[in-house]
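A.B. asks: Got a structure for you, questions after.
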Ligand code: DOR
């Protein structure tokens with residue numbers, strides 16, 4: 336039984352409001368929220384000292400590489416890093432080895448996570464050109480969603496058979512999440528750049544190869560399929576202003592088509608390739624500053640519903656290869672909330688809007704049971720943030736198994752002080768409690 340914890344003098348950001356006061360948790364759940372709660376009995380006091388208390392971030396897109404790529408990452412190493420970034424729940428992608436494309440592999444991954452994940456978790460069932468039966472047999476609450484790579488990326492999971500796509504969009508028993516980039520367009524662009532530069536294409540051309548056109552062709556197709564079949568579609572990692580035209584603004588409740596933007600696409604732009612090179616090579620590519628700014632604006636007008644990380648670690652040795660050899664993907668979970676909080680410091684979004692995109696929104700969008708809010712009776716997944724604590728990111732502080740971060744050398748203005756998962760202090764002042772284990776997310780579907 337976990338001990339009761341009383342958070343004193345917090346600035347609680349929740350459900351469109353900021354409340355100064357205390358929060359009591361016991362038995363894993365939030366027991367009481369009030370302006371003042373007296374400490375009684377055997378209770379641990381966590382003095383917030385006026386700092387911000389947020390519901391933990393629910394990250395709807397990570398690649399923790401387990402099973403199959405222990406040289407890059409594993410569930411334990413990356414979930415520990417996620418706690419340091421204020422993430423209390425994560426949803427992991429199916430491009431593992433073996434691929435998570437059968438119900439047996441999906442359940443095997445849950446069994447693995449029960450032993451190894453330090454945060455709450457759920458897993459996507461991956462789609463392929465030939466696993467329709469598995470998809471049709473999935474129970475709606477058995478996975479956070481069905482992932483379709485409508486563009487090829489790490490893991491060879493491209494679904495490009497027209498009949499299969501029609502069948503998945505028509506029969507999916509739960510939310511369908513898509514990676515949208517048109518592979519034929521990308522292959523043509525690759526060929527053109529290869530003819531000009533050989534194998535060593537300058538990294539700055541990545542957004543011209545993985546182009547805005549490739550993104551639009553694919554995401555407009557996903558949206559068209561979803562409208563025709565009335566599919567519950569979630570378009571992952573939007574990167575361009577043009578794709579935003581495909582989306583509705585307004586609250587996510589009732590939308591059949593929702594969208595995610597990722598921390599790196601909101602943070603970097605194509606001016607950063609010169610300094611960071613392949614370290615910021617990812618799919619879809621980081622695009623222009625105008626695209627980045629359009630994504631930021633779409634957070635405010637609610638065409639983008641949630642923020643995730645797409646944490647995708649690769650070893651530094653792999654990343655230092657030439658254009659065609661360097662794999663795509665960035666490790667991101669460790670500074671996830673501080674990265675998003677930069678938008679707050681720059682006065683682009685309020686704390687209330689931020690929490691909607693990182694916690695409330697993902698909880699409602701995926702119909703997660705009793706998480707994502709500071710609410711009496713809900714699971715106590717919380718993050719205490721110091722909003723006035725600037726620091727520079729150095730390699731020594733990186734917790735990922737891959738040992739590097741694209742943020743090295745950058746300054747961030749907010750620091751995660753404490754992360755609580757299911758009422759247990761899982762991270763505090765730089766230390767991870769390795770004994771904590773997350774729970775499998777439950778869905779009200
Ligand atoms: O950049 C990416 N990396 N995009 C993806 O779609 C996959 C990911 C990975 O798994 O490395």
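Residue numbers (this note's numbering): 336 to 780.
For each residue, glycine too, the CB sits at the ideal point set by N, CA and C.
The structure displayed is predicted, hence computed values, not measured ones.
Just confirm the distance between the C-beta atoms of residue 415 and residue 769, as a whole number of angstroms; I'd bet it's less than 8 Å.
C.D. replies: 7 Å
A.B. asks: For the alpha helix (DSSP H) containing residue 563, list its first residue and its last residue.
C.D. replies: 547-564
A.B. asks: Let me make sure I understand the geometry here. Which of 597, 399, 384 has the alpha-carbon closest to that of residue 735?
C.D. replies: Taking the Cα of residue 735 as reference, the smallest distance to any Cα among 597, 399, 384 is reached at 399.
A.B. asks: Would you mind stating whether residue 458 and residue 474 have Cβ atoms separated by less than 8 Å?
C.D. replies: no
A.B. asks: When every heavy atom of the ligand DOR is checked, does at least one fall within less than 7 Å of the C-beta of residue 664?
C.D. replies: yes
A.B. asks: Can you tell me which residues form a DSSP beta bridge with residue 617?
C.D. replies: Answer by DSSP bridge pairing: none, since residue 617 is not bridged.
A.B. asks: Tell whether a beta-carbon distance below 8 Å holds between residue 488 and residue 706.
C.D. replies: Against a cut-off of 8 Å, the Cβ pair of residue 706 and residue 488 comes out as no contact.
A.B. asks: Under 8 Å, do residue 494 and residue 483 count as touching if we go by C-beta distance?
C.D. replies: Yes, these two residues count as a Cβ contact at 8 Å.
A.B. asks: Taking the runs of the alpha helix (DSSP H) that are 4 residues or longer, which of them lie wholly in the segment 646-687?
C.D. replies: List check, alpha helix (DSSP H) in window: 651-654, 671-680.
A.B. asks: Is residue 597 near the ligand DOR, going by C-beta to nearest heavy atom under 7 Å?
C.D. replies: Because no heavy atom of the ligand DOR lies under 7 Å away, the Cβ of residue 597 does not count as near it: no.
A.B. asks: Kindly give me the distance between the Cβ atoms of residue 514 and residue 485, rounded to whole angstroms, as I take these residues to be in contact under 8 Å.
C.D. replies: Their Cβ separation, rounded to whole angstroms, is 6 Å, which keeps residue 514 and residue 485 in contact under 8 Å.
A.B. asks: Expressed to the nearest angstrom, what Euclidean distance is found between the alpha-carbon atoms of residue 739 and residue 451?
C.D. replies: Spanning the two alpha carbons is a distance of roughly 22 Å.
A.B. asks: Give a single yes or no on whether residue 765 has its beta carbon closer than 7 Å to a heavy atom of the ligand DOR.
C.D. replies: no
A.B. asks: Along the alpha helix (DSSP H) that carries residue 629, what are the first and last residues, could you check?
C.D. replies: 624-635
A.B. asks: Could you tell me how far apart the beta carbons of residue 340 and residue 386 are, in whole angstroms, since I believe they sit closer than 8 Å?
C.D. replies: With a Cβ gap of about 15 Å, residue 340 and residue 386 do not count as contacting.
A.B. asks: Any idea if residue 418 is buried or exposed, counting beta-carbon neighbours within 10 angstroms, 16 or more meaning buried?
C.D. replies: buried
A.B. asks: Along the chain, where does the alpha helix (DSSP H) containing residue 696 start, and where does it finish?
C.D. replies: 696-700
A.B. asks: Using the Cα positions of residue 525 and residue 619, report the straight-line distance between them to the nearest angstrom.
C.D. replies: 14 Å
A.B. asks: The ligand DOR heavy atoms versus the CB of residue 645: any closer than 7 Å?
C.D. replies: yes
A.B. asks: Checking the sheet assignment: what are the DSSP bridge partners for residue 347?
C.D. replies: 354, 388
A.B. asks: Near residue 674, what residues of its chain come up, given a Cβ to Cβ distance below 6 Å and the 5 sequence neighbours on each side ignored?
C.D. replies: 598, 602
A.B. asks: Measure the alpha-carbon distance for residue 763 versus residue 753 and round it to whole angstroms.
C.D. replies: 4 Å
A.B. asks: Mapping the DSSP letters down to three states, classify residue 504 as helix, strand or coil.
C.D. replies: helix
A.B. asks: Taking the beta strand (DSSP E) that residue 750 falls in, what are its first and last residues?
C.D. replies: 750-756
A.B. asks: What would DSSP say about residue 484, mapped onto helix, strand or coil?
C.D. replies: strand
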